[in-house]
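Residue numbers (our numbering): 7 to 182. Comments concern the structure below.
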Ligand SMILES: CC(C)(COP(=O)(O)OP(=O)(O)OC[C@H]1O[C@@H](n2cnc3c(N)ncnc32)[C@H](O)[C@@H]1OP(=O)(O)O)[C@@H](O)C(=O)NCCC(=O)NCCS
């Protein structure tokens, strides 16, 4: 369990399905993400899966115990590189209150201090301003720009809808 001024950051619990469904069922959440709106049944399955991995953290408001978003924090291969990837999705009802920034900052501290991470990476579409603003607010550096890096969807003619990608990174010790 990690704590900040306003938030608790903890493992998923089976009781989080309703809050997860509340935002992962919204089409706008997927503007810059793979996937599509989920059903309550999907949410129950995802919550169960997430409660058994170390890759997902539920972010909960201390004031009312509501789960308002989640953080993805996954160690990439090879393990000896001590590198993690950061990602996040928050409920639009709670956007632009600094919650993602507050939670992500705490996760970086956890990564460097507790997991002894050497490097933490994050990737986002350059059009996703809210996302790269969060990364810059938590001190990550824009290290790369990839054109047509990936696609999540196809157009009506079945052609890939490619998007560009910013790569951000932060090191445990920037002098190294
Ligand atoms: C990215 C996301 C998690 C940010 O969550 P959040 O809690 O709103 O983030 P914060 O409040 O900590 O910071 C958002 C910042 O972006 C700014 N912002 C948001 N939308 C913006 C826009 N369209 N143009 C310019 N700035 C914008 C906010 O003003 C804020 O910056 P500020 O503190 O300097 O004012 C949220 O937008 C989200 O869940 N998006 C959908 C899923 C997604 O795209 N995930 C990331 C995939 S890479």
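We treat Cβ as the ideally placed atom computed from N, Cα and C, and that holds for glycine.
message: Using only the alpha-carbon positions, how far apart do residue 64 and residue 72 sit?
response: Position 58 of the chain shown, counting from 1, holds the residue named residue 64. Position 66 of the chain shown, counting from 1, holds the residue named residue 72. Rounded to whole angstroms, residue 64 to residue 72 spans 10 Å at the Cα level.
- prompt: Would the C-beta of residue 69 count as close to ligand 1, meaning under 7 Å from any of its heavy atoms?
  reply: Taking the chain shown and counting its residues from 1, one reaches residue 69 at position 63. For ligand 1, not one heavy atom lies less than 7 Å from the Cβ of residue 69.
query: Can you give the Cα-Cα distance for residue 137 and residue 130, rounded to whole angstroms?
result: Locating residue 137 in the chain shown gives position 131, where the first residue counts as 1. Locating residue 130 in the chain shown gives position 124, where the first residue counts as 1. Looking at the two C-alpha atoms, the distance is approximately 7 Å.
query: Looking at C-beta atoms only, is the number of pairs between the region 23 to 35 and the region 97 to 112 that lie closer than 8 Å three or more?
result: yes
field: Separation of residue 41 from residue 157, as counted between CA atoms
entry: For the purposes of this step, residue 157 is taken as the residue at position 151 of the chain shown. For the purposes of this step, residue 41 is taken as the residue at position 35 of the chain shown. Rounded to the nearest angstrom, the two C-alpha atoms are 11 Å apart.
task: Using 7 Å as the cut-off, classify the Cβ of residue 39 as near or not near the heavy atoms of ligand 1, replying yes or no.
output: Here the question's residue 39 lines up with position 33 in the chain shown. Checking the Cβ of residue 39 against ligand 1 gives yes.
- request: Label residue 66 either buried or exposed according to how many other C-beta atoms from any shown protein chain fall within 10 Å of its C-beta, with 16 as the threshold for buried.
  value: Taking the first residue of the chain shown as position 1, residue 66 is located at position 60. The residue is buried, with at least 16 neighbouring Cβ atoms inside 10 Å.
message: Quick check: residue 174 and residue 141, are their CB atoms within less than 8 Å of each other?
response: Locating residue 174 in the chain shown gives position 168, where the first residue counts as 1. Locating residue 141 in the chain shown gives position 135, where the first residue counts as 1. Against a cut-off of 8 Å, the Cβ pair of residue 141 and residue 174 comes out as a contact.
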